[in-house]
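Protein chains in written order, with this note's numbering: chain A, 1 to 207; chain B, 208 to 414.
Think of the CB as a built atom: it goes at the ideal place given N, C-alpha and C, for glycine as much as any other residue.
Worksheet for the structure shown next.
2 protein chains.
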Amino acid sequence: MKVPKPAVARLSMLYRFLEELEKQGIQSISSSKIAAQLGLGSHNIRKDIGYLGEIGNTGSGYDVKRLKDHISSHLGFDHERHACVVGLGRLGSAIMNFDNFIVNGYRIVAGFDSNINVLETIKTDIDVYPSHAIEDIVKQKNIELAVLTVPVASAQEVTDKLLQGGIQGIVNFTPGYLKVYDYPVYVSNIDVVGAFDELIALSTLNR
Amino acid sequence: MKVPKPAVARLSMLYRFLEELEKQGIQSISSSKIAAQLGLGSHNIRKDIGYLGEIGNTGSGYDVKRLKDHISSHLGFDHERHACVVGLGRLGSAIMNFDNFIVNGYRIVAGFDSNINVLETIKTDIDVYPSHAIEDIVKQKNIELAVLTVPVASAQEVTDKLLQGGIQGIVNFTPGYLKVYDYPVYVSNIDVVGAFDELIALSTLNR
DNA sequence: AACCATTTGTGAAAAATTTCACAAACAAGA
DNA sequence: TCTTGTTTGTGAAATTTTTCACAAATGGTT
Numbered sequence: 001m002k003v004p005k006p007a008v009a010r011l012s013m014l015y016r017f018l019e020e021l022e023k024q025g026i027q028s029i030s031s032s033k034i035a036a037q038l039g040l041g042s043h044n045i046r047k048d049i050g051y052l053g054e055i056g057n058t059g060s061g062y063d064v065k066r067l068k069d070h071i072s073s074h075l076g077f078d079h080e081r082h083a084c085v086v087g088l089g090r091l092g093s094a095i096m097n098f099d100n101f102i103v104n105g106y107r108i109v110a111g112f113d114s115n116i117n118v119l120e121t122i123k124t125d126i127d128v129y130p131s132h133a134i135e136d137i138v139k140q141k142n143i144e145l146a147v148l149t150v151p152v153a154s155a156q157e158v159t160d161k162l163l164q165g166g167i168q169g170i171v172n173f174t175p176g177y178l179k180v181y182d183y184p185v186y187v188s189n190i191d192v193v194g195a196f197d198e199l200i201a202l203s204t205l206n207r
Numbered sequence: 208m209k210v211p212k213p214a215v216a217r218l219s220m221l222y223r224f225l226e227e228l229e230k231q232g233i234q235s236i237s238s239s240k241i242a243a244q245l246g247l248g249s250h251n252i253r254k255d256i257g258y259l260g261e262i263g264n265t266g267s268g269y270d271v272k273r274l275k276d277h278i279s280s281h282l283g284f285d286h287e288r289h290a291c292v293v294g295l296g297r298l299g300s301a302i303m304n305f306d307n308f309i310v311n312g313y314r315i316v317a318g319f320d321s322n323i324n325v326l327e328t329i330k331t332d333i334d335v336y337p338s339h340a341i342e343d344i345v346k347q348k349n350i351e352l353a354v355l356t357v358p359v360a361s362a363q364e365v366t367d368k369l370l371q372g373g374i375q376g377i378v379n380f381t382p383g384y385l386k387v388y389d390y391p392v393y394v395s396n397i398d399v400v401g402a403f404d405e406l407i408a409l410s411t412l413n414r
């Protein structure tokens with residue numbers, strides 16, 4: 001069963017949307033209603049859901065809870081995952097303290113920084129460690145995901161440590177490509193300046 | 208001349224890479240060297256560059272400065288752009304104070320928040336305004352780009368104001384779809400929790 | 001000048017993804 | 001029960017994007 005990468009992105013978006021619906025007490029919804037809310041086409045929604053098997057009800061649409069659980073179990077959102085933040089500057093500490101994570105099944109269980117001063121002065125409930133401890137702590141705390149908010153110059157070095165610790169995925173805020181060699185690790189690149197560039201480029205090209 | 212969206216993303220990545228090379232004093236580089244550094248195929252690089260016209264030298268490769276300027280002028284990176292941040296919580300103020308922006312041709316010229324307390328206590332050199340002033344200030348300061356770091360509940364409302372101000376592009380950190388109606392505006396969605404979800408989904412599906 | 005090693009640019013093939021269109025299934029009301 | 005209106009699921013078409021493969025161009029060397 002092959003699910004296209006863009007479909008995975010949309011399904012995870014859909015999952016969060018369904019959580020919202022559930023919170024609002026909505027029990028059932030059609031693909032076209034979903035599509036309108038998410039800015040997509042209804043066929044798109046159906047196709048994406050279809051990759052995970054049949055689940056809808058012809059005539060009425062999808063049962064919200066059922067669909068949510070369906071996506072959840074197929075995509076692996078059905079149990080808590082441990083995560084960490086590497087690089088505790090402004091951005092890193094902002095991310096470390098997001099509340100949304102818990103709600104969505106992630107728990108930030110560690111922060112890392114190479115600067116001892118930062119570790120001593122930081123104000124947070126989460127355990128923080130020096131960067132040289134990354135490999136050990138990642139193993140010890142069973143950390144699956146990492147957010148990288150270090151200066152670009154140390155990004156690869158830190159990545160290597162995470163890989164050795166057996167990390168599963170990295171969200172990279174660094175502007176730069178991270179080599180993960182042959183490790184079975186996915187990297188998601190997030191770059192605000194890059195996002196600006198893309199927006200400008202798109203609007204320039206279509207003028 | 209049609210440039211695929213993914214190619215635009217890669218070209219902007221390439222642009223930043225070229226800046227780096229220039230800083231290091233490297234004058235010339237081949238598509239395969241670029242590709243290795245950026246984790247892509249060399250044909251990919253050539254094709255992408257090709258969308259903007261011929262520029263390389265057979266036998267040697269690309270002249271770094273020339274290629275950089277070429278991309279710059281085609282993609283619109285050749286002059287400073289004004290930007291703003293809406294929502295001055297931890298994340299918003301962290302982003303507002305990134306130094307990288309200036310280097311890359313962006314200048315954050317305003318911050319907005321609906322909470323007067325936040326505006327009064329914030330410590331920054333950038334001018335800050337209440338959210339109801341968004342439309343006016345965006346027009347007045349000629350702001351082309353906005354970063355959205357408000358709670359999801361107020362995202363659409365703030366977006367509407369930005370649109371009325373004539374914004375060109377929005378980088379949305381809110382987990383949720385922003386309606387931009389018929390405005391010719393691009394939105395780039397950045398969502399850390401969503402990124403986690405995608406990483407988990409990808410690694411779950413390929414198990 | 002002749003030769004060899006590189007490297008670009010690009011048609012064409014392949015692969016991936018999106019869109020379309022409609023039969024089949026169901027709901028709800030008369 | 002019959003009819004009408006929805007809505008799913010999905011093959012097939014269309015589109016988009018990536019990959020391939022190689023001719024043509026250039027640099028460097030002898």
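DSSP state of residue i, grouped into three classes?
i, result
"R107 of chain A", "strand"
"N396 of chain B", "strand"
"N206 of chain A", "coil"
"H289 of chain B", "strand"
"S237 of chain B", "coil"
"V171 of chain A", "strand"
"P62 of chain A", "Here residue 62 of chain A is Tyr; the residue named in the question, Pro, does not match the sequence. If DSSP states are grouped into helix, strand and coil, Y62 of chain A belongs with the strands."
"L148 of chain A", "strand"
"K47 of chain A", "helix"
"T366 of chain B", "helix"
"I137 of chain A", "helix"
"K230 of chain B", "helix"
"G260 of chain B", "coil"
"G124 of chain A", "According to the sequence shown, residue 124 of chain A is Thr rather than Gly. In the structure shown, T124 of chain A sits in coil (DSSP, three-state: anything other than H, G, I, E or B)."
"K209 of chain B", "coil"
"D197 of chain A", "helix"
"Y222 of chain B", "helix"
"N307 of chain B", "helix"
"L385 of chain B", "coil"
CB-CB under 8 Å to residue i, same chain, minus the five flanking residues each way: which ones, in chain order?
i, result
"D343 of chain B", "G372"
"T331 of chain B", "S300, M303, N304, G318"
"F308 of chain B", "A290, R314, I315"
"V392 of chain B", "L370, I374, Q375, G376, I377"
Among all the DSSP beta bridges, which residues are the ones paired with residue i?
i, result
"P337 of chain B", "B:D320"
Does any residue of chain A have a CB that is nearer than 8 Å to the CB of residue i?
i, result
"Q375 of chain B", "yes"
"L282 of chain B", "yes"
"S279 of chain B", "no"
"V400 of chain B", "yes"
"D320 of chain B", "no"
"L274 of chain B", "no"
"N298 of chain B", "Here residue 298 of chain B is Leu; the residue named in the question, Asn, does not match the sequence. Chain A, which has a Cβ nearer than 8 Å to the Cβ of L298 of chain B, makes this yes."
"L221 of chain B", "no"
"G232 of chain B", "no"
"S361 of chain B", "no"
"I241 of chain B", "no"
"I420 of chain B", "With chain B covering 208 to 414 only, the question about residue 420 of chain B has no answer from this structure."
Taking the C-alpha atoms as reference points, what is the distance between residue i and residue j?
i, j, result
"G246 of chain B", "Q168 of chain A", "19 Å"
"D306 of chain B", "N117 of chain A", "22 Å"
"Y313 of chain B", "I341 of chain B", "19 Å"
"K33 of chain A", "I45 of chain A", "10 Å"
"E209 of chain A", "G53 of chain A", "The question about residue 209 of chain A has no answer, for chain A in this structure spans 1 to 207."
"L295 of chain B", "A362 of chain B", "13 Å"
"R66 of chain A", "A353 of chain B", "37 Å"
"C291 of chain B", "L326 of chain B", "14 Å"
"I397 of chain B", "Y15 of chain A", "16 Å"
"S188 of chain A", "I407 of chain B", "11 Å"
"Y336 of chain B", "G257 of chain B", "44 Å"
"L75 of chain A", "M13 of chain A", "12 Å"
"K230 of chain B", "L162 of chain A", "29 Å"
"L228 of chain B", "D197 of chain A", "18 Å"
"T265 of chain B", "D255 of chain B", "16 Å"
Under 8 Å between C-beta atoms, does residue i make it to chain B?
i, result
"Y62 of chain A", "no"
"Q164 of chain A", "no"
"G53 of chain A", "no"
"S30 of chain A", "no"
"G59 of chain A", "no"
"N44 of chain A", "no"
"A9 of chain A", "yes"
"Y186 of chain A", "yes"
Closer than 7 Å by C-beta to residue i: which residues in its own chain qualify, once you throw out the five before and the five after it? Chain order, please.
i, result
"G194 of chain A", "P175"
"D78 of chain A", "S72"
"L18 of chain A", "V64, L67, K68"
Within a Cβ cutoff of 6 Å, which residues of the same chain sit near residue i, ignoring the five residues on either side of it in sequence?
i, result
"G248 of chain B", "A242"
"N379 of chain B", "L355, L385, V394, N396"
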